[in-house]
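Sequence order for the protein chains is A and B.
Adding 6 to a residue's 1-based position in the first sequence gives its number in the working numbering.
Adding 6 to a residue's 1-based position in the second sequence gives its number in the working numbering.
Number of protein chains: 2
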Amino acid sequence: MMRIKLTVAYDGTDFVGWQYQPNGVSVQQRLEEAIAQLTGSVHAVHSSGRTDAGVHARGMVCHLTTELMLPVKAWREGVNRFLPEAIAVRRAEVVEDDFHARFSAQGKFYRYTILRDSVRSPLERRISWQIKQPLDLAAMRKAAESFVGDHDFAAFRTSGCAAETTVRNMTSVSLVEDGDLLYIDVRGGGFLRNMVRMMVGTLVDIGRGKRPPEDIARMLSAPGSVPPALTAPAQGLCLMDVVY
Amino acid sequence: MMRIKLTVAYDGTDFVGWQYQPNGVSVQQRLEEAIAQLTGSVHAVHSSGRTDAGVHARGMVCHLTTELMLPVKAWREGVNRFLPEAIAVRRAEVVEDDFHARFSAQGKFYRYTILRDSVRSPLERRISWQIKQPLDLAAMRKAAESFVGDHDFAAFRTSGCAAETTVRNMTSVSLVEDGDLLYIDVRGGGFLRNMVRMMVGTLVDIGRGKRPPEDIARMLSAPGSVPPALTAPAQGLCLMDVVY
Chain A
7 MMRIKLTVAY
17 DGTDFVGWQY
27 QPNGVSVQQR
37 LEEAIAQLTG
47 SVHAVHSSGR
57 TDAGVHARGM
67 VCHLTTELML
77 PVKAWREGVN
87 RFLPEAIAVR
97 RAEVVEDDFH
107 ARFSAQGKFY
117 RYTILRDSVR
127 SPLERRISWQ
137 IKQPLDLAAM
147 RKAAESFVGD
157 HDFAAFRTSG
167 CAAETTVRNM
177 TSVSLVEDGD
187 LLYIDVRGGG
197 FLRNMVRMMV
207 GTLVDIGRGK
217 RPPEDIARML
227 SAPGSVPPAL
237 TAPAQGLCLM
247 DVVY
Chain B
7 MMRIKLTVAY
17 DGTDFVGWQY
27 QPNGVSVQQR
37 LEEAIAQLTG
47 SVHAVHSSGR
57 TDAGVHARGM
67 VCHLTTELML
77 PVKAWREGVN
87 RFLPEAIAVR
97 RAEVVEDDFH
107 ARFSAQGKFY
117 RYTILRDSVR
127 SPLERRISWQ
137 IKQPLDLAAM
147 RKAAESFVGD
157 HDFAAFRTSG
167 CAAETTVRNM
177 TSVSLVEDGD
187 LLYIDVRGGG
197 FLRNMVRMMV
207 GTLVDIGRGK
217 RPPEDIARML
227 SAPGSVPPAL
237 TAPAQGLCLM
247 DVVY
């Protein structure tokens, strides 16, 4: 038996998300199908987590267990031959038998991309959230610092989130300017459902002057005391890396 | 009568090109349809040139003549309401009656995007040509200089090109590195059909060591003396700007 770790990138635009869903095609389904076509046998892949419909990844990680003695290269190049253009295995590695994509993960890095442009821009529409109003980056940066550390993120999850505890640790939340693009880079030990998108939505509300920067500290300490978080649209979000 | 200059951006992936074609939907068709929906009357738009199927634009320019007394803003924001997400009017201006998108143009700026990555990368696939082998950028830069100035570009056009003369002036051809991305920025007074893509294809052959850098000078002076140019794929090309 061998355990294989796969690092997977995808353009999430045309998928219902990572996980199998009754209403459409998921990334996991396409990946398991490609593996079945390559190997002739069924392998379940276990991921570090899910991504929602429309969310992208450059470094989603999953693992599988196999009795096949394929060269490790086949798990990348062979699988890629059967994947649609929108998905690619970026890396395949043989790992220890006790490696688990989800339980071994130490943290994740998400990047949210905002396009700051006053006129609609077709070439960035699939990978960014376009904001036409000016943004107060100084206020957003100040507010972003409030996320760092251990906090109760109960105000930053959707009602469908099944997590038992809502305390999470954020290592850093930083804003990076790149021309018209603004990246909000979020690194942390773990995330609740829709958490990054709700963090970004709240930061954007602050940038637009609709909320004071102090709202984030209030939402972390007393969630009901201020208006709920806005959820930023899916297409701006990308899972960049899972840290082990 | 008023003459309106429109600057248009589009994601060319799902169009048959700028110009009307019997085999699918063109950008020009969608733009003229949107104008008809907004104004209730037919306006023909005249462009600075064509782009092929799959080629993108950030700054395609076209003009139209109208008897309608709409505020100029309507030609941008109003038209955008009826355009698909993949097309947007970025700018609308009232211009002199003798302005002509094609005949008044002094030059154009095209950017060709190459992704240098040894593994397939889904998120750049619509806007770049991925090259998996290493590229010798020094050889490419040296070769690119040979394009600058007045030259006969007969070796850099497709057989379907109807231009009467093949001498064109290139102002600059420069390579710009941006992480894994490599831009080949081409500025010139005028272009033949597929010219930029054939210039890029030849530069990439040089970068891969399949041709010497001197081949470009030979192709400009004695086209038949060396193998013909490779045509780079459409999705890497973007019309950035038309200069008036």
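Positions of the beta carbon are idealized from the N, C-alpha and C atoms, including for glycine.
Item	Value
Taking 8 Å as the cut-off, decide whether the C-beta atoms of residue 129/A and residue 81/A are in contact.	no
Is the CB-CB distance between residue 47/A and residue 107/A below 8 Å?	no
Are the Cβ atoms of residue 16/A and residue 111/A separated by less than 8 Å?	no
Determine the closest residue to residue 155/B out of 35/B, 25/B, 179/B, 66/B, with distance taken between C-alpha atoms.	179/B
So that I know if they touch, is there some Cβ in chain B lying closer than 8 Å to that of residue 126/A?	yes
Distance, Cα to Cα, residue 218/B vs residue 205/B?	14 Å
Give me whichever residues DSSP pairs with residue 182/A in a beta bridge.	189/A
Ignore the nearest five residues each way along the sequence and tell me which others in residue 236/B's own chain have a CB closer than 8 Å to its CB.	204, 207, 208, 210, 211
Quick one: any contact between the segment 82 to 100 of chain B and the segment 148 to 165 of chain B, if contact means 3 or more CB pairs under 8 Å?	no
By Cβ distance below 6 Å, which residues in the same chain neighbour residue 242/B in space, the five residues on each side in sequence not counted?	118, 119, 134, 135
So with CB distances below 7 Å, who are the chain A contacts of residue 62/B?	129
Helix, strand or coil for residue 213/B? Go by DSSP, reduced to three states.	helix
Answer yes if the segment 221 to 232 of chain B comes into contact with the segment 193 to 200 of chain B, meaning at least three C-beta pairs across the two stretches below 8 Å, and no otherwise.	no
By how many angstroms is the C-alpha of residue 61/A removed from the C-alpha of residue 104/A?	29 Å
Which chain B residues sit within Cβ distance under 7 Å of residue 170/A?	In chain order: nothing, as chain B lies at least about 33 Å away.
Using Cβ-Cβ distances below 7 Å, what residues of the segment 90 to 120 of chain B are close to chain A?	91, 92, 93, 94, 96
At 3 residues or longer, what runs of the beta strand (DSSP E) sit wholly inside the segment 68 to 114 of chain B?	93 to 101
Might you give, ordered along the chain, the residues of its own chain that have their beta carbon closer than 8 Å to the beta carbon of residue 57/A, omitting 5 neighbours on each side?	18, 23, 24, 33, 63, 66, 243, 245
For residue 194/B, which option in 142/B, 213/B, 248/B, 145/B has the closest C-alpha, if you only look at C-alpha atoms?	248/B
If we define contact as Cβ-Cβ less than 8 Å, is residue 1/A a contact residue for chain B?	Absent from the structure is residue 1/A, since the part of chain A shown begins at 7 and ends at 250.
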